[in-house]
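*Asks:* Chains as they are written, first to last, in the working numbering: chain A, 1 to 105; chain B, 106 to 507.
Beta carbons: idealized from backbone N, C-alpha and C, even for Gly.
Below: one structure in structure tokens.
Here's what the structure looks like:
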């Protein structure tokens with residue numbers, strides 16, 4: 001069984017999301033815009049989404065990502081957390097998010 | 106690789122995924138920004154002989170193919186001018202011994218790479234090497250859900266078995282998988298089983314692509330054309346599966362345009378958002394464009410840059426936008442919706458690529474061609490003409506009965 005599994009993810013505070021191999025976040029120099037490259041698709045994430053995705057390294061969990069953004073923007077953590085989860089869940093539903101899993105201890 | 110126009114269209118098809126934003130920034134109707142994705146047809150060589158192959162009937166010979174160094178230069182240039190994705194296709198791209206080297210080069214210059222393959226030449230080692238070169242995605246074509254139909258359509262023994270094996274290796278290597286199923290009268294009955302096969306193979310996506318009738322498929326139209334009843338049933342099956350498999354398997358579906366009321370927005374419009382590079386290095390507005398005689402296509406071997414060819418060459422500008430359109434297209438409210446349909450189909454069916462695509466109900470030829478399709482679909486000519494470098498070989502009785 002592969003360590004990454006890209007389908008049927010339910011994003012929660014303890015998820016440790018990471019972009020799968022087929023979804024690559026990249027700054028498009030020609031068009032001066034961030035893009036997610038996916039099979040037969042090019043998505044254009046907004047600035048907040050880009051910031052969240054840059055923190056999705058498969059090590060941090062969603063709670064830690066929310067902590068970091070709440071501190072940076074001096075914003076209410078609960079609101080940030082729910083926004084982050086909604087954004088990542090949308091990406092997961094499209095099949096463009098994977099989850100790092102613990103190996104069986 | 107016969108469903109390319111489904112795939113490539115999809116690059117800009119869905120505004121909900123944010124691409125519309127990119128289009129308006131990157132290009133306008135008049136300036137034609139560099140496409141996001143390009144199709145690289147590395148070779149026309151292929152061990153399969155599918156009767157609906159999307160390659161031109163006049164295939165490029167091995168001796169004319171771009172060399173490794175030439176392809177690398179092309180990939181570098183594509184990345185520099187703003188192309189983001191490269192689809193390695195053919196023919197059969199794995200017939201090129203330098204494929205892993207080319208994938209690695211695409212990775213090195215920052216291109217997202219997709220392999221469009223029949224998979225019969227793949228070994229687990231070859232696929233591992235491609236994964237190590239950071240290939241991003243694999244698309245495998247299937248001709249059916251079991252060997253009897255599938256191997257006969259492919260004209261290749263044990264093709265189906267090899268494809269299933271390669272699809273398993275793909276997922277074992279944690280590469281994302283799209284199953285591409287090209288559908289026609291002689292395999293549409295297998296559609297529910299093909300959908301289940303894609304689920305069982307742990308594919309991420311399934312393309313259910315009805316054959317588009319030009320080139321080889323036009324030669325084989327009588328043997329391939331589905332009935333309206335088949336298409337209605339297929340649409341129902343796909344809709345049901347899309348709902349049932351939400352979150353498990355994404356299904357893209359392309360109806361055959363003979364049975365549509367409006368023509369397809371082929372290639373997203375000629376020269377608007379797509380080009381491909383043929384094995385010999387021609388830069389083409391679509392993979393079938395060389396079937397249009399009388400158009401000269403520039404090569405990457407010329408003194409022109411790829412960006413110049415895209416923006417300035419006669420072939421790209423000939424059917425760009427809407428200015429070239431005759432009636433009934435010119436005064437049509439849909440002219441910027443479908444751009445008059447498919448130029449290659451207009452050429453194949455009317456003799457003039459500048460005519461309205463007969464798939465459109467507004468074409469004076471629509472009725473006649475639609476009736477012909479219905480007649481062919483109801484007929485019992487099920488024999489194929491197999492695709493090859495010799496211009497095609499009729500199926501023998503023993504192959505047909507196999």
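Have a look at B:210, B:245 and B:325 and flag the residue whose alpha-carbon is nearest the alpha-carbon of residue 156 of chain B.
*Replies:* For residue 156 of chain B, the nearest C-alpha among the options comes from B:325.
*Asks:* How about the segment 422 to 442 of chain B and the segment 452 to 461 of chain B: do they share at least three Cβ pairs that are nearer than 8 Å?
*Replies:* Taking 8 Å as the limit for Cβ pairs, the verdict is that the segment 452 to 461 of chain B does touch the segment 422 to 442 of chain B.
*Asks:* Taking Cβ-Cβ distances below 9 Å as the criterion, which residues of the segment 37 to 63 of chain A are in contact with chain B?
*Replies:* If the cut-off is 9 Å between Cβ atoms, the segment 37 to 63 of chain A has 37, 38, 39, 40, 41, 42, 43, 44, 45 and 46 near chain B.
*Asks:* Inspect the CB distances between the segment 157 to 167 of chain B and the segment 51 to 60 of chain A and report whether three or more fall short of 8 Å.
*Replies:* Touching, no.
*Asks:* Counting only beta-carbon separations shorter than 8 Å, does residue 77 of chain A have a partner in chain B?
*Replies:* Output row for residue 77 of chain A: interface = no.
*Asks:* So residue 86 of chain A is in the alpha helix (DSSP H); what residue range does that whole segment cover?
*Replies:* Residues 77 to 93.
*Asks:* Helix, strand or coil, according to DSSP, for residue 288 of chain B in the structure here?
*Replies:* Three-state result, residue 288 of chain B: strand.
*Asks:* Spell out whether any CB of chain A is found under 8 Å from the CB atom of residue 139 of chain B.
*Replies:* Yes, contact with chain A.
*Asks:* Write down the C-beta distance between residue 515 of chain B and residue 306 of chain B rounded to the nearest angstrom, noting that I regard them as a contact closer than 8 Å.
*Replies:* The question about residue 515 of chain B has no answer, for chain B in this structure spans 106 to 507.
*Asks:* Using CA coordinates, which residue listed in B:382, B:463, B:443 and B:397 is at the minimum distance from residue 148 of chain B?
*Replies:* If we check each option's Cα against that of residue 148 of chain B, B:382 comes out closest.
*Asks:* Just mark residue 375 of chain B as buried or exposed, buried being the case when its beta carbon has 16 or more other beta carbons within 10 Å.
*Replies:* Answer is buried; the Cβ neighbour count reaches 16.
*Asks:* With DSSP collapsed to three states, give me the class of residue 167 of chain B.
*Replies:* The answer is helix: DSSP assigns residue 167 of chain B an H, G or I state.
*Asks:* Identify which residue in B:280, B:301 and B:278 has its Cα closest to the Cα of residue 286 of chain B.
*Replies:* Cα-wise, what sits closest to residue 286 of chain B is B:301.
*Asks:* By the 8 Å beta-carbon criterion, what residues does the segment 278 to 299 of chain B contribute toward chain A?
*Replies:* Residues passing the 8 Å Cβ filter: 279, 280, 281 and 283.
*Asks:* Sort B:279, B:388, B:399 and B:493 by Cα distance to residue 407 of chain B and report the nearest one.
*Replies:* Selected option, being the one with the closest Cα: B:388.
*Asks:* Contact between the segment 438 to 458 of chain B and the segment 292 to 299 of chain B is defined here as three or more beta-carbon pairs at a separation below 8 Å; is this criterion met?
*Replies:* Flag = no, the segment 438 to 458 of chain B and the segment 292 to 299 of chain B do not touch.
*Asks:* Return yes when the Cβ of residue 218 of chain B is within less than 8 Å of the Cβ of residue 225 of chain B, no when it is not.
*Replies:* It is not a contact, given that the beta carbons lie outside the stated cut-off.
*Asks:* Taking its Cβ as the centre, do 16 or more other Cβ atoms sit within 10 Å of residue 486 of chain B, making it buried, or is it exposed?
*Replies:* Per the 10 Å Cβ criterion, exposed.
*Asks:* With the cut-off set at 8 Å, would you say residue 18 of chain A and residue 89 of chain A are in Cβ contact?
*Replies:* No, the Cβ-Cβ distance between residue 18 of chain A and residue 89 of chain A is not below 8 Å.
*Asks:* Output yes if chain B places a C-beta closer than 8 Å to the C-beta of residue 14 of chain A; else output no.
*Replies:* No, no contact with chain B.
*Asks:* Taking beta-carbon pairs under 7 Å, can you tell me which members of the segment 330 to 358 of chain B lie near chain A?
*Replies:* Listed by position, the residues of the segment 330 to 358 of chain B near chain A (Cβ gap below 7 Å) are 352, 353 and 355.
*Asks:* Taking only beta-carbon atoms, is residue 209 of chain B less than 8 Å away from chain A?
*Replies:* So no, residue 209 of chain B is outside the interface.
*Asks:* Determine the burial state of residue 508 of chain B: buried for a count of at least 16 other Cβ atoms within 10 Å of its Cβ, exposed for fewer.
*Replies:* The structure shown does not extend to residue 508 of chain B, since chain B is modelled only from 106 to 507, so the question has no answer here.
*Asks:* Any idea if residue 13 of chain A is buried or exposed, counting beta-carbon neighbours within 10 angstroms, 16 or more meaning buried?
*Replies:* Result: exposed.
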